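For reference, the structure discussed in these notes is given below.
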Amino acid sequence: METNYRRWSEYPYPGEQSLPKGLPQTGEWPMFFITKEQHRQFFDPFHQQIHWNIQHPNMIDWETELLIVEQTLRSLTPQQMRIVQYWGTGELVSKIKMLIFHLAKKYQLSPMTLSTLLNFFQAAVNDVFVMSSFFKYFWDAARPIQYDPNLPTLLVTPHSPSYPSAHAALAGCTETLLNHFFPLEFSTVKRLMDDMALSRLYAGVHFKADITEGMTLGKQIGKIIITLIKTRNISVF
Numbered sequence: 000m001e002t003n004y005r006r007w008s009e010y011p012y013p014g015e016q017s018l019p020k021g022l023p024q025t026g027e028w029p030m031f032f033i034t035k036e037q038h039r040q041f042f043d044p045f046h047q048q049i050h051w052n053i054q055h056p057n058m059i060d061w062e063t064e065l066l067i068v069e070q071t072l073r074s075l076t077p078q079q080m081r082i083v084q085y086w087g088t089g090e091l092v093s094k095i096k097m098l099i100f101h102l103a104k105k106y107q108l109s110p111m112t113l114s115t116l117l118n119f120f121q122a123a124v125n126d127v128f129v130m131s132s133f134f135k136y137f138w139d140a141a142r143p144i145q146y147d148p149n150l151p152t153l154l155v156t157p158h159s160p161s162y163p164s165a166h167a168a169l170a171g172c173t174e175t176l177l178n179h180f181f182p183l184e185f186s187t188v189k190r191l192m193d194d195m196a197l198s199r200l201y202a203g204v205h206f207k208a209d210i211t212e213g214m215t216l217g218k219q220i221g222k223i224i225i226t227l228i229k230t231r232n233i234s235v236f
């Protein structure tokens, strides 16, 4: 299929001579809740075929997306810069686990319940990153700096395709899982996960569409996992 967007693998990063390569094999790693079969077909734990909700990048206006990135970088607030520094530096998964531990303490979860929650979360992280990587390399969409080499990004642009954002996918999945286990924390969890996802736009390393569609992907994976959890009668209360 022809594309109406730049391919990540066809444009060197600013200051580099060679074309980016990345790690496409990460999109083929094994998953816990999702299985991949022939012809790029994916199935949930009940062997029902998954029809992904994420848009094909040909459906996106990438010129408008670039304008959004440029405008965002020109008008960053101090709060948005702090969000970039928090979610864009250090180990991402450990920061989410800190939130889980905080909620576990607040709601006095038993060690066994917390362990079960963490096991589901960690397996979800794996599947989210594998599926994000699969779509990244399958669609091979360029990063913002490959459209505009002079973008004043706040973080170093990762050497992987742009679409979708794995940060946003993990945020969407985490929001779905935690809202199932801690429904009273909906607003807090949503705010934090929105910050986590949008930090990549604020940093200039992702387009807004990478964020919104990454969240869509993550929430769909989260719902698949929640369906499995419900069949096992697992709850924190």
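0 is the number of the first residue of the sequence shown in numbering that gives the first Met the number 0; add one for each residue after it.
In this text, a Cβ means the ideal position worked out from N, Cα and C, and glycines have one as well.
Because the structure is a prediction, the values reported are computed rather than measured.
Anticipated Cβ contact below 8 Å, residue i with residue j, distance rounded
| i | j | result |
| --- | --- | --- |
| L65 | Y146 | 5 Å |
| Y136 | P160 | 6 Å |
| L169 | G217 | 6 Å |
| L154 | V83 | 7 Å |
| L72 | L150 | 6 Å |
| M214 | A167 | 5 Å |
| P110 | P13 | Their Cβ separation, rounded to whole angstroms, is 49 Å, which puts P110 and P13 out of contact at 8 Å. |
| N57 | T112 | The pair is not a contact, with the Cβ atoms about 45 Å apart (cut-off 8 Å). |
Given residue i as reference, the closest of the options once Cα atoms are compared
| i | options | result |
| --- | --- | --- |
| L227 | Y85, W7, F31 | F31 |
| V129 | H101, A165, L98 | A165 |
| T173 | S234, I233, L18, R190 | R190 |
| Y162 | K94, I67, I53 | I53 |
| W86 | G217, V204, G221, M111 | V204 |
| S114 | F100, V124, K105 | F100 |
| Y4 | N118, A202, S234, D60 | D60 |
| P11 | I144, A123, F134, Q40 | I144 |
| Q70 | Y201, R231, S234 | Y201 |
| G171 | M192, F185, W51, E184 | M192 |
| I33 | K20, W51, Q16 | W51 |
| H179 | T152, R142, S234 | S234 |
| H55 | F134, T152, S109, R142 | F134 |
| Q219 | K20, E36, F41, K104 | F41 |
| I95 | R199, F120, K104, N232 | F120 |
| M195 | R231, G89, R39 | G89 |
| R199 | R81, R39, I49 | R81 |
| N118 | V92, Q107, K104 | V92 |
Residue i classed as buried or exposed, judged by whether at least 16 other C-beta atoms fall within 10 angstroms
| i | result |
| --- | --- |
| W7 | buried |
| D209 | buried |
| S132 | buried |
| L18 | exposed |
| L116 | buried |
| P182 | exposed |
| G221 | buried |
| T175 | buried |
| Q79 | buried |
| V124 | buried |
| R142 | buried |
| F206 | buried |
| E212 | buried |
Beta-bridge pairing of residue i - partner residues as DSSP gives them
| i | result |
| --- | --- |
| E36 | Q40 |
| Q70 | DSSP output for Q70 lists no bridge partner at all. |
| Q48 | F42 |
| R6 | A140 |
Any non-hydrogen atom of the ligand FAD within 7 Å of residue i CB
| i | result |
| --- | --- |
| L98 | Ligands in the displayed structure: none, and consequently the ligand FAD is not present. |
Legend entry - Cβ contact check for the region 212-232 and the region 26-46: 3 or more pairs under 8 Å: yes
Legend entry - Three-pair Cβ contact test at 8 Å for the region 114-132 versus the region 16-28: yes
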